[in-house]
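I have placed the structure first, in the form of structure tokens, so that the comments after it can refer back to it.
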Amino acid sequence: MQLKVRTPKKPLEGKRKQATAEAPAQLRRAGGDDDDFADLVVEDEELGESDQNSEGPFEAAAQSPGVEPAKKPRKKKRRKGSAAYQDAQAAAAEVAHSSADEQVRWLWDSYKHAVGESFLEQEALTGDSILQLSGQGSVEEQMKAAVPQWQQVLCSIAGRPAGHPTCLIISPAALGAIAMIKSFPTFNKACRIAKLFAKHIKVAEQQQHLQQHPLCIAAGTPNRLCKLADVEALQLSQLQLVVLDVHQDAKKRTILDLPETKKDFWELFSRHLQKLLQSGQTRICLINSGT
């Protein structure tokens with residue numbers, strides 16, 4: 250019988266030489282042979298290559314002829330078509346034209362959902378705290394009819410201290426505030442409406458403007474209005490009216506539904522508006538700028 254001598258392949262020889270050169274001194278002292286150490290390294294590398302070439306169940310099925318690839322499980326989407334959800338959207342769409350009691354109920358439900366129930370805040374949200382518009386004519390015409398002394402309250406700065414508005418217009422975003430300002434051309438012409446939102450305007454600039462100029466109406470977003478009131482640049486001791494824009498966006502969300510605005514509004518409410526509404530000095534007017 251002839252014995253066949255098996256010669257190692259050249260790639261293995263290269264790996265064997267490289268492994269031998271890189272064999273740690275500790276192995277040599279322990280009595281291990283350089284070739285033994287190289288055999289272990291080459292064996293490990295071959296195992297690693299076989300693991301890399303192995304196919305998962307999805308890839309193997311895709312390459313096998315006549316076998317359909319397995320489909321990955323899809324995540325279930327959350328459904329928003331419930332009857333309660335649709336009813337809430339419908340109520341928000343018509344809340345500006347609803348009765349005072351329905352508007353109060355809508356505000357109170359939003360407050361409970363965002364903050365939690367408190368009878369102290371409920372005392373500030375009553376039918377007497379709502380200024381309801383007629384729905385006839387433009388928004389400015391309705392405001393003139395709802396505020397008998399509108400020329401003095403909304404258009405006169407005679408004897409008025411700086412930074413003390415009588416009316417706040419609150420919108421979810423800067424573009425909404427600008428649109429609301431355009432809805433009151435007579436008021437804006439008689440007494441320039443202050444723009445208190447974060448679109449290219451810094452808090453320090455607005456703070457300086459409020460400290461130097463008297464105003465009747467200020468329009469802004471909840472976050473910026475709250476910041477200016479916190480530093481007492483925006484003084485609300487003469488505030489008589491809060492105009493809240495309840496326009497719905499493309500996803501049927503109002504200022505009290507959007508996560509980034511509902512929290513800011515109710516913080517503004519609890520810090521600076523609650524006591525004014527509770528005393529009867531200030532009232533809220535809901536306006537849908539999209540109608």
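So the sequence shown is numbered by the working numbering: it starts at 250 and just counts up by one.
All C-beta atoms in this analysis are idealised placements derived from N, C-alpha and C, irrespective of residue type, glycine included.
Predicted model only: the values in this text are computed from it and were never measured.
Member of the options whose CA lies at the smallest distance from the CA of residue i
i	options	result
Lys-438	Leu-459, Glu-389, Glu-343	Glu-389
Lys-451	Ile-442, Gly-469, Pro-463, Phe-436	Gly-469
Ser-348	Gln-338, Lys-361, Thr-375	Thr-375
Ile-427	Arg-409, Gln-398, Gly-408, Lys-448	Lys-448
Gln-455	Gly-408, Ala-499, Cys-475	Cys-475
Arg-441	Glu-343, Gly-412, Ser-420	Gly-412
Ala-394	Gln-401, Ser-383, Val-402	Ser-383
Pro-410	Ala-341, His-458, Glu-343	His-458
Opposing strand residues paired with residue i [DSSP bridges]
i	result
Pro-463	Ala-411
Gly-376	None; Gly-376 has no bridge partner.
Gly-469	Ile-419, Leu-445
Residue span of the beta strand (DSSP E) that contains residue i, given as start and end
i	result
Ala-443	443 to 445
Leu-535	532 to 536
Asp-494	490 to 494
Leu-417	416 to 419
Continuous alpha helix (DSSP H) stretch holding residue i: start and end
i	result
Ala-402	According to the sequence provided, residue 402 is Val. The question's Ala does not apply to it. It spans 399 to 404 - the alpha helix (DSSP H) in which Val-402 sits, taken as one unbroken run.
Ile-430	423 to 431
His-346	Run containing His-346: none; DSSP gives neither H nor E here.
Ala-395	388 to 395
Ser-528	523 to 528
Expected contact under 8 Å - CB spacing of residue i and residue j to nearest Å
i	j	result
Ala-373	Gln-527	4 Å
Asn-537	Val-495	5 Å
Pro-414	Ala-467	5 Å
Leu-505	Phe-514	7 Å
Leu-488	Ile-533	11 Å between Cβ atoms; not a contact.
Exposed unless 16 or more other CB atoms sit within 10 angstroms - verdict on residue i
i	result
Leu-424	exposed
Ser-486	exposed
His-462	exposed
Lys-524	exposed
His-521	buried
Ser-378	buried
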